[in-house]
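The working numbering puts the first residue of the first sequence at 1, with every later residue one more than the last. For reference, the structure discussed in these notes is given below.
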Amino acid sequence: MKYSELFCPTLREVPSEAEVVSHQLLLRAGFIRKTTAGVYTYMPLAQRVLRKIMNIIREEMDRAGAQELLMPIIQPRELWEQSGRWAVYGEEMFRLKDRHNRDFALGPTHEELITSLVNADVHSYRDLPLMLYQIQNKYRDEIRPRFGLMRGREFIMKDLYSFDADYEGLDVSYNKMYEAYKRVFDRLNLKYRVVEADSGAIGGSESHEFVVLADTGESEIVFCDNCDYAANVEKASCLAPKEEDTSPLLDLEKIATPGQKTIEEVARFLGLPASRHVKTLLYKADGEIIAVVIRGDRELNETKLKNFLHCTHLAMAEENEVRKICAAGFGSLGPVGLPCKVYADLEVARMRNFVCGANEDGFHLINVNMGRDFVPEAVADLRNAVKGDKCPVCGKELEVQRGIEVGHIFKLGTKYSEAMGATFLDQDGKEKPFIMGCYGIGVSRTMAAAVEQNHDEDGIIWPVPIAPYQVIIVPVNIKDAELRVVAEEIYKTLLAAGIEVILDDRDERAGVKFKDADLIGIPVRITIGSKSLKENKVEIKKRWEKDAELVAVSEVLAKVKDFLNI
RNA sequence: CGGGAUGUGGCUCAGUUUGGUAGAGCGUCUGGUUCGGGACCAGAAGGUCGCAGGUUCAAAUCCUGUCAUCCCGACCA
Numbered sequence: 001m002k003y004s005e006l007f008c009p010t011l012r013e014v015p016s017e018a019e020v021v022s023h024q025l026l027l028r029a030g031f032i033r034k035t036t037a038g039v040y041t042y043m044p045l046a047q048r049v050l051r052k053i054m055n056i057i058r059e060e061m062d063r064a065g066a067q068e069l070l071m072p073i074i075q076p077r078e079l080w081e082q083s084g085r086w087a088v089y090g091e092e093m094f095r096l097k098d099r100h101n102r103d104f105a106l107g108p109t110h111e112e113l114i115t116s117l118v119n120a121d122v123h124s125y126r127d128l129p130l131m132l133y134q135i136q137n138k139y140r141d142e143i144r145p146r147f148g149l150m151r152g153r154e155f156i157m158k159d160l161y162s163f164d165a166d167y168e169g170l171d172v173s174y175n176k177m178y179e180a181y182k183r184v185f186d187r188l189n190l191k192y193r194v195v196e197a198d199s200g201a202i203g204g205s206e207s208h209e210f211v212v213l214a215d216t217g218e219s220e221i222v223f224c225d226n227c228d229y230a231a232n233v234e235k236a237s238c239l240a241p242k243e244e245d246t247s248p249l250l251d252l253e254k255i256a257t258p259g260q261k262t263i264e265e266v267a268r269f270l271g272l273p274a275s276r277h278v279k280t281l282l283y284k285a286d287g288e289i290i291a292v293v294i295r296g297d298r299e300l301n302e303t304k305l306k307n308f309l310h311c312t313h314l315a316m317a318e319e320n321e322v323r324k325i326c327a328a329g330f331g332s333l334g335p336v337g338l339p340c341k342v343y344a345d346l347e348v349a350r351m352r353n354f355v356c357g358a359n360e361d362g363f364h365l366i367n368v369n370m371g372r373d374f375v376p377e378a379v380a381d382l383r384n385a386v387k388g389d390k391c392p393v394c395g396k397e398l399e400v401q402r403g404i405e406v407g408h409i410f411k412l413g414t415k416y417s418e419a420m421g422a423t424f425l426d427q428d429g430k431e432k433p434f435i436m437g438c439y440g441i442g443v444s445r446t447m448a449a450a451v452e453q454n455h456d457e458d459g460i461i462w463p464v465p466i467a468p469y470q471v472i473i474v475p476v477n478i479k480d481a482e483l484r485v486v487a488e489e490i491y492k493t494l495l496a497a498g499i500e501v502i503l504d505d506r507d508e509r510a511g512v513k514f515k516d517a518d519l520i521g522i523p524v525r526i527t528i529g530s531k532s533l534k535e536n537k538v539e540i541k542k543r544w545e546k547d548a549e550l551v552a553v554s555e556v557l558a559k560v561k562d563f564l565n566i
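Structure follows, in structure tokens:
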């Protein structure tokens, strides 16, 4: 490719709308342009990166025995009624009507479609297992699209669905995908972790996330350096503390705490650390008001709570609902004498003489003790894990890191096949629902994650396997015929060897070309200048290294292959 | 959906308080000088100031409405 013919408008300044690095750099380097909030055009260079990511995914999915198909974006309402999700999916689904006033959705995902498709044409256990996938746009009307490609409303996803006759088969399919995903992210050259995830509302027994490590990521993961344990923060289990507080139980006392509402305020007011407090959160679980108590400096984990209660709707109670059952409002709530079920976190069960609200505005209780002053309905692991917690597997201290969720695999079981009546005949001639799994990779998000993880102050540093081009040739002055001739010679040599190369034939100053080459992140740069050319040599440099090597023109191809590791 | 902010040439922004008919830098085009890390000189093009109303002799500027974009929040009281 001649740079002069390339459609790659680079920007010197950062567009003001871009907050995170990947967004800024992809805009500046001419990879993406925004069409509307959360919707982007992929420019030629981005398209090349995406294609490379997709091809790696394809190769690995095919290797695992899956087949690619392509399903529609527009999906009829009836399909979603069958699974019950037309009502459940809510605001996040883009909906539209045709001229006959019939309802449609832009597919946020494709479980319904694939299930009905397979149901229509697969009737026997002999046709199973079956793994089908597509790479296609998905539409989710995000409450707040942000961070460029990281959380868009239109995005590219690879989604694969497995159909098995039994749960053993599902395990096999799931493991194949698990391995295939590892191969994909290894090949993409990204630093990532596989973490246990909650399968939550989707049901099923097992789920893993593939998280690319980056401080700007939206997911938080917890892992152990001593063993293999790794989970996202929703899933990570917290053990009950080993040490028990054995200090003598003191007498319960009510203290006036006028105007002190948050744990922070009360802690400062009483001069006791937040860890000596207990906070009481009121929730509405399937219509019933319940209370949860956790240590003052901890965060409640709603996923754990939801799973523990086996409820479908869970939301914090409104203040007026709280007032109905209790004399106090937010800020003075406590478990003592509260007329509703109370669930306590494991840690609270080990605390003694703690502080909590008195259920009377402006008052708190001190020296509260569970068992003596109140009895919870149950004690359970209900909080988020934090750095320093003990690993549930080996007991060593856990680490916490942020990352970008780029892949997620689930065992679905029969959730969709049952709801939609998708069945096959087993060996005994009995009708059974398909046992399903679903497996996603955010393709466009992966591109952003790669930038997030691979950049410096000058621009993007593409991992070689997904770089839009592998090599860029920069003749320092295109008007110098000698340089131009050598540049074109090298260009042709590399092209003939099947290497993807850009020749920067623009009549620009060297500085401009270097800046652009760095910005768009081509892994290998060959600089042709008159000084070194006198010795018949050119410079060759890796984008991620500072210094260049001088190489004889005849050696360039070998050196490039060496640098690219091909 | 709440709170905050912003919409002025392709990009970054000034001008708005105190109304007088639009500016800078970058980018683009032409010519020249330059030429190893975003050059310099000279010239040029390019804007119904988001949109719609209103006030006024006069509106980018004031008022009302509306649309869009961005940030924070929408679970930790």
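Heads up, the beta-carbon is just placed ideally off N, CA and C, and yes, glycines get one too.
Where the alpha helix (DSSP H) containing N55 begins and where it ends: P44 to R63
Assign C224 to one of two classes, buried (16 or more other C-beta atoms within 10 Å of its C-beta) or exposed (fewer than that). buried
Give a yes or no on contact between the stretch 251-267 and the stretch 422-436, applying the rule of three or more CB pairs nearer than 8 Å. no
Would you decide whether K492 is buried or exposed? Buried here means 16 or more other CB atoms lie within 10 Å of its CB. exposed
Identify whether Q67 lies in helix, strand or coil by the three-state DSSP scheme. strand
Per DSSP, what kind of secondary structure is R229 in: helix, strand or coil? Checking the sequence, you will find Tyr at residue 229 rather than Arg. Y229: coil per DSSP, three-state reduction.
Taking 8 Å as the threshold (C-beta atoms), are A214 and G403 in contact? yes
Just checking, does the stretch 389-408 make contact with the stretch 97-114 on the three C-beta pairs under 8 Å criterion? no
If you draw a straight line from the alpha carbon of T36 to that of L346, how long is it in whole angstroms? 47 Å
Could you give the C-beta distance for V560 and L495, rounded to a whole number, given that I count them as a contact under 8 Å? In fact, because the Cβ distance is near 12 Å, the residues do not count as touching under 8 Å.
Counting C-beta neighbours from all protein chains within 10 Å, is the total for K387 16 or more, i.e. buried, or is it exposed? exposed
Would D504 be called buried (16 or more neighbouring beta carbons within 10 Å of its own) or exposed? buried
Below 8 Å on the Cβ atoms is my guess for I526 versus V512; work out the distance and round it to an integer in Å. Not confirmed; about 17 Å, so no contact.
I'd like the span of the beta strand (DSSP E) that includes H208, first residue to last. S207 to L213
Identify whether P475 lies in helix, strand or coil by the three-state DSSP scheme. strand
Would you kindly check if the distance between the Cβ of G38 and the Cβ of G152 is under 8 Å? yes
Below 8 Å CB to CB, which residues in the same chain sit around D127 once its five sequence neighbours on both sides are set aside? F424
Measuring straight from C-alpha to C-alpha, what distance separates F210 and D62? 19 Å
Between which two residues does the alpha helix (DSSP H) holding T303 run? E302 to L309
Extent of the continuous beta strand (DSSP E) to which G413 belongs: L398 to G413
Best match in E234, F155, S332 and C356 for proximity to I32 [C-alpha to C-alpha]: F155
From the DSSP secondary-structure annotation, give me the bridge partner or partners of I540. I526 and E549
Could you tell me which residues DSSP puts in a beta bridge with R146? R151
Alpha carbon to alpha carbon, how far is K396 from N384? Give it in angstroms, no decimals. 17 Å
From C356 to E196, what distance separates their C-alpha atoms? 34 Å
Which residues in the same chain as D373 place their Cβ atom closer than 7 Å to its Cβ, once the five residues preceding and following it in sequence are excluded? L252 and V336
Taking the alpha-carbon positions, what's the L6 to N189 distance? 26 Å
With respect to the alpha helix (DSSP H) encompassing A315, which residues constitute its N-terminal and C-terminal limits? No alpha helix (DSSP H) holds A315; the beta strand (DSSP E) holding it covers L314 to M316.
In three-state DSSP terms, what is L250? coil
Does DSSP put T216 in a helix, in a strand, or in coil? coil
Let's see if you can read the secondary structure: which residues bound the alpha helix (DSSP H) around F330? From DSSP, F330 is part of no alpha helix (DSSP H); its letter is neither H nor E.
DSSP three-state assignment for F434, whether helix, strand or coil: coil
Among V551, G217, K534 and L333, nearest to K541 - alpha-carbon criterion: V551
Among residues of its own chain, excluding the 5 on either side of R183, which ones have a beta-carbon nearer than 6 Å to its beta-carbon? E60
C-alpha distance - W80 paired with W86, whole-angstrom precision: 5 Å
Touching or not, the stretch 324-338 and the stretch 296-316, by the rule of three or more beta carbon pairs under 8 Å? no
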